Amino acid sequence: MNYIHLQTEPILIEQLYRRVVSPSCGAVSSFIGITRDNFEGRRVTRLSYEAYEPMALKELNRLCDDARRKFVNIEHIAISHRLGSAFNYYNRAKKNSRIEA
Numbered sequence: 014m015n016y017i018h019l020q021t022e023p024i025l026i027e028q029l030y031r032r033v034v035s036p037s038c039g040a041v042s043s044f045i046g047i048t049r050d051n052f053e054g055r056r057v058t059r060l061s062y063e064a065y066e067p068m069a070l071k072e073l074n075r076l077c078d079d080a081r082r083k084f085v086n087i088e089h090i091a092i093s094h095r096l097g098s099a100f101n102y103y104n105r106a107k108k109n110s111r112i113e114a
């Protein structure tokens, strides 16, 4: 079974784990990506993700199909990708003023 979800709210890892854990499987493998604080030597202060959801879901399903062809013993796959903006602040006062705005 595949569970694929695009969301704007925070990703809850425990919920994804519950979707894939199975008594017939001996392990759960995961990848949790986070944003670096730099890119090509420049500081990253904001990152925005947006998607054309029908196409994104189609491509994520294709990745699941590819994984199932390559690794035949996969029982469940869960993919969650967060959309929206994330900010990285080095100055707490500046961060608070932007959140309140």
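Heads up: the sequence shown begins at 14 in my numbering, then just goes up one per residue.
Where a beta carbon is used, it is the ideal one built from N, C-alpha and C, also for glycine.
All of these numbers come straight from a predicted model, not from anything done at the bench.
Query                                                                                                                                                       : Result
Which residue wins for smallest C-alpha separation from His18, given the options Phe100, Gly54 and Met68?                                                   : Met68
Whose C-alpha, out of Ala91, Asn86, Arg59 and Ile26, is nearest the C-alpha of Leu76?                                                                       : Ala91
Using a Cβ-Cβ cutoff of less than 6 Å, which residues in the same chain neighbour Gly97 once the five nearest sequence positions on both sides are dropped? : Thr21
Any idea what DSSP makes of Arg49, helix, strand or coil?                                                                                                   : coil
Tell me, to the nearest whole angstrom, how far the beta carbon of Arg95 is from that of Ile47; I am working on the premise that it is less than 8 Å.       : With a Cβ gap of about 11 Å, Arg95 and Ile47 do not count as contacting.
My output table needs one value for Asn15: the three-state DSSP class, helix, strand or coil.                                                               : strand
Please classify Ile24: does DSSP put it in a helix, a strand, or coil?                                                                                      : coil
Start and end of the alpha helix (DSSP H) containing Leu73?                                                                                                 : Glu66 to Lys83
On the DSSP letters alone, give me the boundaries of the beta strand (DSSP E) that Ala99 sits inside.                                                       : Gly97 to Phe100
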